[in-house]
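J.: Take this structure first; my questions come after.
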Amino acid sequence: MKLNFVEKRIENKYDNESAMNTLKVMMKRGEQLVVKFFTSKDNFPCAWIESKKISGFKLILNQEGLNWLRNYLQTGEIEDFGFDPNKTAAFSENEDNDFQLTIFRQLAAHDERRLQFVPLFREKSDSISGYASYMKGKIFFRLTRTTELLDYLIEKDLIA
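Position one of the sequence shown corresponds to residue 0 (numbering that gives the first Met the number 0), numbered consecutively onward.
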């Protein structure tokens, strides 16, 4: 008896459209969001979103999606800026793909008054934790502690 095995590949594509629709429902209810930015394993810029009523889920972002999320957090408006959840792109190999650090740098440059950090004497790990508060939620950060980042935060009087 001879058995022939045929290899079948099943592609699991993330349902980003359902993630967007879930976020829309949360926004329509006026929920306070908890947001964490990260880069996925397959190099896509993402947000981890949760609230008191909905457990966390991933939303893969593009510029329109980021604008939509930021606008909701700041103003409570739910205009989606034409965000198409199926038109997202991964970072290229030669591109800086630390999405969380990129978002943090933008906030530090343009909206630093909203940033708060855990005091360094309480941080026991190799990271720096902080958050930015907005009308409709918070963005949490857990950044890798580097000399460059520490110098920047001290220079801006953001940490003690």
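Built from N, CA and C at the ideal position, the CB exists for glycine as well.
Remember, it's a predicted structure, so these values are computed and weren't measured experimentally.
1) Can L65 and K135 be called in contact, C-beta distance under 9 Å?
2) Less than 9 Å between the beta carbons of I59 and K23, yes or no?
3) Within a Cβ cutoff of 8 Å, which residues of the same chain sit near I9, ignoring the five residues on either side of it in sequence?
4) Does the beta-carbon of N20 have 16 or more other beta-carbons within 10 angstroms, so that it is buried, or is it exposed?
5) Please report the residue range of the alpha helix (DSSP H) in which I158 lies.
6) Take M26 and list the residues in its own chain whose beta-carbon comes closer than 6 Å to its own, dropping the five residues that flank it on each side.
7) Considering V33, what are the terminal residues of the beta strand (DSSP E) in which it resides?
8) To which residues of the same chain is I204 closer than 6 Å at the C-beta, ignoring the five residues directly before and after it?
9) From which residue to which residue does the alpha helix (DSSP H) around I102 run?
T.: Reading from the atomic positions:
1) In the sequence shown, residue 65 corresponds to position 66, counting from 1. In the sequence shown, residue 135 corresponds to position 136, counting from 1. No. Outside cutoff.
2) Here residue 59 refers to the residue found at position 60 when the sequence shown is read from its first residue. Here residue 23 refers to the residue found at position 24 when the sequence shown is read from its first residue. No, the pair does not count as a contact, with Cβ atoms beyond the cut-off.
3) Sequence index remark: in the sequence shown, residue 9 carries index 10 (1-based). Reliability fails at I9, whose pLDDT of 47 lies under 50, so the model's placement of it is uncertain and the value that follows must be treated cautiously. Hits under 8 Å: none found.
4) As a working note, residue 20 is residue 21 in the sequence shown. Flag for N20 reads exposed.
5) By one-based count along the sequence shown, residue 158 stands at place 159. Taken as a continuous stretch (DSSP letters only), I158 belongs to no alpha helix (DSSP H), as it is neither H nor E.
6) Counting from one through the sequence shown, the residue named residue 26 turns up at place 27. For M26, where only same-chain residues beyond five positions count, the Cβ hits under 6 Å are Y71 and I77.
7) The sequence position of residue 33 within the sequence shown is 34, counting from 1. Where V33 is concerned, the enclosing beta strand (DSSP E) stretches over L32 to T38.
8) A query on residue 204 cannot be resolved here, the shown segment of the chain reaching from 0 to 159 and no further.
9) By 1-based counting over the sequence shown, the position of residue 102 is 103. Start and end: F98 to H109.
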